[in-house]
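Reading through the structure tokens given below for one structure.
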Amino acid sequence: MLQKEEVVNLVNLDRLLKSTDDINGLLARYGVKFGIYKNGTFKEQLFPFDPIPEEDRRYVLDHFDTLVIKDAAEAGGYGIVFGNKLSVEEKERLRAMILSQPRR
8 MLQKEEVVNL VNLDRLLKST DDINGLLARY GVKFGIYKNG TFKEQLFPFD PIPEEDRRYV
68 LDHFDTLVIK DAAEAGGYGI VFGNKLSVEE KERLRAMILS QPRR
């Protein structure tokens, strides 16, 4: 016979399995995807990741004029923005990008 703790774990597992699609959608939006090779088999694995904690993101958004901002998706010096050189419209576009694509 199952112990109370085992029944609770099974109920939680059942709830988790029913939420798989929702969880995968959130991980795809807010996670990092890694390719893992194990026993000669390739499998993609998603891991939750927020490279910019909310307090840091808020600081960047509030201090554009004093920062040099770099798009993480760019390399070799590309994507560098001097906040004090941005127009009001450029700041708004950058703010929108940071909020909609925080991993960049």
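The numbering of the sequence shown is my numbering, which starts it at 8 and goes up by one. Glycine included, C-beta positions come from ideal geometry on N, C-alpha and C.
So what's residue i in DSSP terms, helix, strand or just coil?
i      : result
Glu81  : coil
Ser94  : coil
Arg65  : helix
Ser107 : helix
What does a CB cutoff of less than 6 Å around residue i pick up in its chain, not counting 5 residues either side in sequence?
i     : result
Val88 : Ile76
Asp69 : none
At the level of alpha carbons, what is the spacing between residue i and residue j?
i      : j      : result
Ala103 : Glu97  : 10 Å
Leu23  : Tyr66  : 35 Å
Arg100 : Leu93  : 10 Å
Thr27  : Glu51  : 16 Å
Asp63  : Ser107 : 15 Å
Lys25  : Leu74  : 45 Å
Phe181 : Asp21  : A question about residue 181 goes unanswered here, because the residues of the chain that appear run from 8 up to 111.
What are the residues that DSSP puts in a beta bridge with residue i?
i     : result
Glu51 : Gly42
Val75 : Phe89
Does the distance from the CB of residue i to the CB of residue j come in under 8 Å?
i     : j      : result
Ala79 : Arg111 : yes
Tell me which same chain residues have a C-beta within less than 7 Å of the C-beta of residue i, skipping the five on either side of it?
i     : result
Phe71 : Gly90, Leu93, Lys98
Kindly list the residues whose CB is nearer than 8 Å to the CB of residue i, restricted to its own chain and excluding five residues on each side of it in sequence; keep chain order.
i     : result
Gly32 : none
Val95 : none
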